[in-house]
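Below you'll find the structure, written out as structure tokens, and then a few comments.
Numbering (my numbering), first residue to last: 69 to 184.
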């Protein structure tokens, strides 16, 4: 049996998001299957607090296969925050296609509260 295999794959970014203040931001992300993730980063008096959770399948209001809940604190470090945001957006299991910066996370917290 003869078979052809592709190689030398190239990954290319198709979009970008500009985060004004990486130490204080709220991001929501969606994939093409309707799953939702939330990342909230807040810095106060030199300490950075991170909350990351998702995915919620918004089509059926249930948690997805790759549900994550992380909450942690560390001293402010731009390199570490950049890494957290990059991993959040570019996690290969999520297949994120849309990311938005939002001001108020409360409506999304209600979605999580009502689903979990």
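Heads up, the beta-carbon is just placed ideally off N, CA and C, and yes, glycines get one too. Keep in mind the model is a prediction, meaning the values are calculated, not measured.
query: Look up residue 151 in the DSSP assignment and say whether it is helix, strand or coil.; result: helix
query: State the Cα-Cα distance for the pair residue 162 and residue 117, rounded to the nearest angstrom.; result: 23 Å
query: For residue 169, write down the residues that DSSP places opposite it in a beta bridge.; result: 95
query: Rounded to the nearest angstrom, what separates residue 105 and residue 144 at their Cα positions?; result: 23 Å
query: Taking the straight line between their C-alpha atoms, what separation do you get for residue 167 and residue 99?; result: 9 Å
query: In the structure shown, what three-state DSSP assignment does residue 178 receive?; result: helix
query: What does the alpha-carbon distance come out to for the pair residue 121 and residue 101?; result: 17 Å
query: Between 164, 91 and 112, which lies nearest to residue 84 when the distance is taken from Cα to Cα?; result: 164
query: So, with DSSP's three-state summary, where would you put residue 183?; result: helix
query: For residue 157, which three-state DSSP category applies?; result: helix
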